[in-house]
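*Asks:* Take this structure, written in structure tokens, and hold onto it; I'll ask about it next.
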Amino acid sequence: MQVLLVDNDRLLLEALSVAMQARHPDLQVDLAASEPEALALAGERAFDLILLDWWLGEASAAGCYASLREQCPQARIVVMSGDDRPRLVYEVLELGAAGFLCKNAAGFAEMREAIDIVARGGVYLPGRLGARDEVSPSVRQRWQGRSLAECFPALSPQQQAVLRVLLRGVSDKVIARELDVEVSTVKTHKKVVFRRLGVNSRAEAVALAARMGVMLD
């Protein structure tokens with residue numbers, strides 16, 4: 003697996019890289035301490051996983067996120083930030099992030115757990131946020147580690163396909179191209195999917211998948 007770590011704190015980058023490779027010696031880890039470095043590496047490698055600090059210096063990494071998403075559409079992106087207010091968490095989930103880590107609270111053990119979950123096709127959220135909504139421990143235990151199709155059988159195969167791609171954070175146009183359907187068809191499926199899941203947005207759908215422990219196969 004090819005991993006890109008993006009943070010303007012080089013000491014943190016090196017420490018996280020060592021911790022990750024100690025657990026997974028087969029990982030190929032590249033480090034970037036700025037947006038230009040990250041985008042240059044993304045132009046050279048086909049990354050599977052990207053950990054991105056949301057604050058690269060004075061500005062947010064929203065532009066960097068969009069560029070990385072465009073250059074590495076296959077990558078799953080986990081956002082890290084010292085700001086874990088729900089508004090920011092849901093903002094990055096709406097963009098299609100596969101997880102969120104609070105830098106002030108997450109130790110290396112939690113970071114490794116998040117990486118393991120995301121690498122297996124899951125979504126990682128801070129426990130505090132994940133517990134906000136009504137998914138009981140028994141429900142989570144029932145669905146933990148199951149595929150999207152198993153967890154949402156009420157969705158048709160085409161609706162499941164739309165949801166699976168949508169959770170990667172790509173646009174309706176990209177979903178339509180990947181599934182070989184019209185953009186209008188994607189929008190219709192999205193409305194049905196959101197209604198059946200009881201959510202109103204991509205961010206809420208991602209959060210629901212995380213709370214249930216769904217694997218996005």
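Read in order, the letters of the sequence shown correspond to residues 3 to 219 in this note's numbering.
All residues carry an ideal CB built from backbone N, CA and C; glycine is no exception.
Keep in mind the model is a prediction, meaning the values are calculated, not measured.
#1: Drop a sphere of 10 angstroms on the beta-carbon of residue 150, count the other beta-carbons inside from all chains shown, and report buried for 16 or more, exposed for fewer.
#2: Grab the span of the alpha helix (DSSP H) containing residue 165 for me, first residue to last.
#3: Pull up the DSSP beta-bridge partners for residue 101, would you.
#4: So, for residue 62: in the same chain, excluding its five sequence neighbours on each side, which residues have a beta-carbon less than 8 Å away from its beta-carbon?
#5: Under three-state DSSP, which class holds residue 69?
#6: Going by other Cβ atoms of all chains shown within 10 Å of its Cβ, with 16 needed for buried, is residue 83 buried or exposed?
#7: Using beta-carbon positions only, say whether residue 195 and residue 169 come within less than 8 Å of one another.
#8: Residue 52 bridges to which residues according to DSSP?
#9: Enumerate in chain order the residues of its own chain whose CB-to-CB distance from residue 10 is below 7 Å, with the five nearest sequence positions on each side excluded.
*Replies:* Answer, in terms of the structure:
#1: Label assigned to residue 150: buried.
#2: Note, residue 165: alpha helix (DSSP H), 159-168.
#3: Paired residues: 80 and 126.
#4: Within the same chain, residue 62 has close Cβ partners 56.
#5: In the structure shown, residue 69 sits in a helix (DSSP, three-state: H, G or I).
#6: Residue 83 is buried by the Cβ-count criterion.
#7: No; because the gap between Cβ atoms is not below 8 Å, this pair is not in contact.
#8: Beta-bridge pairing links residue 52 to 6 and 79.
#9: These residues qualify, in order along the chain: 35, 36, 55, 58 and 59.
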